[in-house]
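Engineer: Our numbering puts the first residue of the sequence shown at 831, with every later residue one more than the last.
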Amino acid sequence: MNATLLDSNTFPAFEVYTARDLERIPQLERLPRQARFDMQVVSTVLPFRVNRYVVEHLIDWDAVPDDPIYQLTFPQRGMLADEHYETIATLLERGAEKAQLEEAVKRIRQALNPHPAGQIELNIPRDDSGEPIWGLQHKYPETVLFFPAQGQTCHSYCTFCFRWAQFVGDKTLRIATSQARQLTEYLRRHPEVTDVLFTGGDPMVMKTSHLAAYLEPLLEPEFAHIRSIRIGTKALTFWPFRFLDPDEGDALMRLFERVLAAGKHLAIMAHLNHWRELEPEATQRAIARLRGIGATLRGQAPLIRHINDDPDVWAKLWQKEVELGIIPYYMFVERDTGAKQHFAVPLVRCWTIYRDAASRVSGLARTVRGPSMSASPGKAEILGVSTVAGERVFVLRFLQARDPQWTYRPFFARYDENATWLDELEPAFGEREWFWSAAYRSMTERPAPAVEPVN
Ligand SMILES: *Cc1c(COP(=O)(O)O)cnc(C)c1O
Ligand code: SF4
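1. Report the rounded CA-to-CA distance for alanine 1195 versus arginine 956, giving the unit in angstroms.
2. On the criterion of 16 or more Cβ atoms from any shown chain inside 10 Å, does glutamate 1263 qualify as buried, or is it exposed?
3. So the beta strand (DSSP E) glycine 1200 belongs to, where does it begin and stop?
4. Between glycine 1214 and the rest of its own chain, which residues show a CB-CB distance below 8 Å, the 5 nearest in sequence each way excluded?
5. Just the Cα atoms here: how many angstroms apart are arginine 1232 and aspartate 1025?
6. Does the stretch 839-858 come into contact with the stretch 958-977, if we say contact requires no fewer than three beta-carbon pairs (one atom in each stretch) closer than 8 Å?
7. If we ignore side chains and look at the alpha-carbon of each, how far apart do phenylalanine 1265 and glutamine 1149 end up?
8. Could you check which residue in Ala1116, Ile1059, Ala1268 and Asp1077 has the C-alpha nearest to that of alanine 1092?
9. Helix, strand or coil for isoleucine 1183, going by three-state DSSP, please let me know.
10. Could you pull out every residue in the same chain whose Cβ sits closer than 7 Å to the Cβ of phenylalanine 878, ignoring the five residues on either side in sequence?
11. Short check: CB of phenylalanine 844 to CB of tryptophan 994, under 9 Å?
12. Reducing DSSP to helix, strand and coil, say where histidine 1172 ends up.
13. For chain B, find out if any of its Cβ atoms is closer than 9 Å to the Cβ of isoleucine 954; answer yes or no.
14. With DSSP as the reference, please indicate the residues paired to arginine 1227 in a beta bridge.
15. With DSSP run on the structure shown, which of helix, strand or coil describes leucine 1127?
16. Assign glutamine 940 to one of two classes, buried (16 or more other C-beta atoms within 10 Å of its C-beta) or exposed (fewer than that).
17. Apart from the five residues on each side of it in sequence, which residues of its chain come closer than 6 Å, Cβ to Cβ, to glutamate 1151?
18. Compute the Euclidean distance between the alpha carbons of proline 1207 and proline 842, then round it to the nearest angstrom.
19. Between Ala893, Ile899, Glu1153 and Glu1046, which has its C-alpha nearest tyrosine 883's C-alpha?
20. Is the closest heavy atom of ligand 1 to the C-beta of threonine 1197 under 8 Å?
21. Which same chain residues, not among the five before or five after alanine 1243, have their C-beta less than 7 Å away from its C-beta?
22. How about glutamate 1046 and leucine 1017: do their beta carbons lie closer than 9 Å?
23. On the criterion of 16 or more Cβ atoms from any shown chain inside 10 Å, does histidine 1101 qualify as buried, or is it exposed?
24. Return the CA-CA distance between glutamate 1282 and tryptophan 964, expressed in angstroms with no decimal places.
25. For arginine 1271, which of helix, strand or coil comes out of DSSP?
26. Tell me the DSSP bridge mates of asparagine 881?
27. Using beta-carbon positions only, say whether leucine 1120 and glutamine 1114 come within less than 9 Å of one another.
28. Any heavy atom of ligand 3 within a distance shorter than 8 Å of the CB on threonine 1274?
29. For tyrosine 970, name the three-state secondary structure that DSSP assigns.
30. Suppose you measure from the CA of leucine 835 to the CA of threonine 1038; what does that come to, to the nearest Å?
31. Would you check if the stretch 917-932 and the stretch 1164-1181 touch, i.e. whether three or more CB-CB distances between them fall below 8 Å?
32. In the DSSP assignment, find the alpha helix (DSSP H) that holds threonine 1014 and state where it starts and stops.
33. Give me the Cα-Cα distance between proline 1240 and arginine 1271, rounded to the nearest whole angstrom.
34. How would you call glutamate 1153, buried or exposed, if buried means at least 16 neighbouring beta carbons within 10 angstroms?
35. Helix, strand or coil, according to DSSP, for glutamate 853 in the structure here?
36. In the DSSP assignment, what are the bridge partners of histidine 1101?
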């Protein structure tokens, strides 16, 4: 691996490998046959996509299989439960018919909790006639999430991705829209919204002209209530040339300049799992370019076993972010979906990693909120483990909550060293339920839209 191999004046062509191309990736030839077959099995069920830049410039092939970027992008045997693995492996070995394989794949995907945290039932808003608006999520009053249809893929897929259901081509698992009007009509009716977060997938896979079609209407005076535009992306490290090349990259900077000139805060929410991702020169140039036009960059990532479950990795990541001008923002707990059993880290360990990492950096790098679980009632932050009146407890609070009244109120869970998610915790001190349980129940009792996108 050579992080500075690329000449500053040349731009590599974008080329991706998917499950069909596993046999074509030269770097994989050095792996045992079994490991390659495992990849084929796993990528039959879960999305796989990696681009040549990541393969050639981010992965250290001498450190495989432990290399964190390899674990971040290449499918691993442990990502499927044994029973699911055996089903698919047997069908592949037998050369089963396509229909039979597809049926098994579909059943397994449905068993993997494709839309965690009430994303379909509770977050999809409705228009005046009660029809769900696919392509938007509105969970917390001030922020709307927008899923542009052309941005529902990524330059490479992360093995642990909680949005994996968006990528597997199964229409019933997709949330997206190609209609800018759905966004503007909704925002017109919701003056309480101050932030719009473009997400996916990765909106930075879109052409600048498509992005402009969604962004520019928001610069009109009638959307003066929209104060911040956030763009969630992993392109800074998976494909930094998106921000650098002389056509699309330049056009993107001009578009961002118009957003900033309209007086909006423009935040690039960079998905950064490991400090190694920040080493390539192209990534550092992309960051400098965005900062140069006045965009703000924030870093966020989940804490993932096999990839970044180590306080040194986080301390170094936050330190590096600060040096490059990125504000450390969120540390997430891996969500309860997809290959969670392979990647999950117990909550108590998430908290000790967070604390150990914070203790190794200066205050400038301690701006991270977390570890935080994006659960159905809200973003629950683990404040710590403590002993109160003789009982060992987790102290938690909501950073964001379905009811803003719940925000920042500490609450207590019985200590559980194996728990990996909010719904595995029980209230402490013999309480029957959480302070928010009754109110949350009444919110979940309204009918869900049928899982049937219109576009
Ligand atoms: C995290 C999140 C937001 C943004 O929350 P902030 O605290 O403003 O960063 C908005 N909507 C959803 C659904 C989220 O999960
Ligand atoms: S960049 Fe984000 S949306 Fe894309 S695969 Fe990774 S985690 Fe998923």
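Every residue gets a Cβ at the ideal spot worked out from N, C-alpha and C, and that includes glycine.
Structural biologist: This is what the structure gives:
1. 40 Å
2. With fewer than 16 other Cβ atoms within 10 Å, it is exposed.
3. Bounds of the beta strand (DSSP E) holding glycine 1200 are 1199-1204.
4. Trp1181, Arg1185, Phe1224 and Val1225
5. Their backbone Cα atoms lie some 16 Å apart in a straight line.
6. no
7. 37 Å
8. Ile1059
9. Reduced to three states, the DSSP call for isoleucine 1183 is helix.
10. Thr848, Ala849, Pro905 and Tyr987
11. no
12. helix
13. No chain B is part of this structure, which consists of one protein chain only.
14. Glu1211
15. strand
16. Exposed: under 16 other Cβ atoms inside 10 Å.
17. Gly1129 and Pro1158
18. Rounded to whole angstroms, proline 1207 to proline 842 spans 44 Å at the Cα level.
19. Selected option, being the one with the closest Cα: Ile899.
20. False, no ligand heavy atom lies under 8 Å from that Cβ.
21. Within the same chain, alanine 1243 has close Cβ partners Val1223, Phe1224, Leu1226, Leu1255, Glu1256, Pro1257 and Ala1258.
22. no
23. It is buried - the Cβ of histidine 1101 has at least 16 other Cβ atoms within 10 Å.
24. Caution applies to glutamate 1282, whose pLDDT of 43 falls short of 50 and renders its modelled position unreliable; the value that the coordinates give is listed next. Looking at the two C-alpha atoms, the distance is approximately 9 Å.
25. Arginine 1271 carries a helical assignment under DSSP once its states are collapsed to helix, strand and coil.
26. Bridge pairing for asparagine 881: Val846 [DSSP].
27. no
28. The model depicted lacks ligand 3 and carries ligand 1 and ligand 2 instead.
29. strand
30. Here leucine 835 scores only 43 on pLDDT, less than 50, and its place in the model should not be relied on; the value that follows carries that caveat. Taking the straight line joining both Cα atoms gives about 27 Å.
31. Counting Cβ pairs under 8 Å, fewer than three are found: no touch.
32. Counting along the chain, the alpha helix (DSSP H) containing threonine 1014 begins and ends at 1010-1018.
33. Here the alpha carbons of arginine 1271 and proline 1240 stand approximately 20 Å from one another.
34. exposed
35. helix
36. Gln1130
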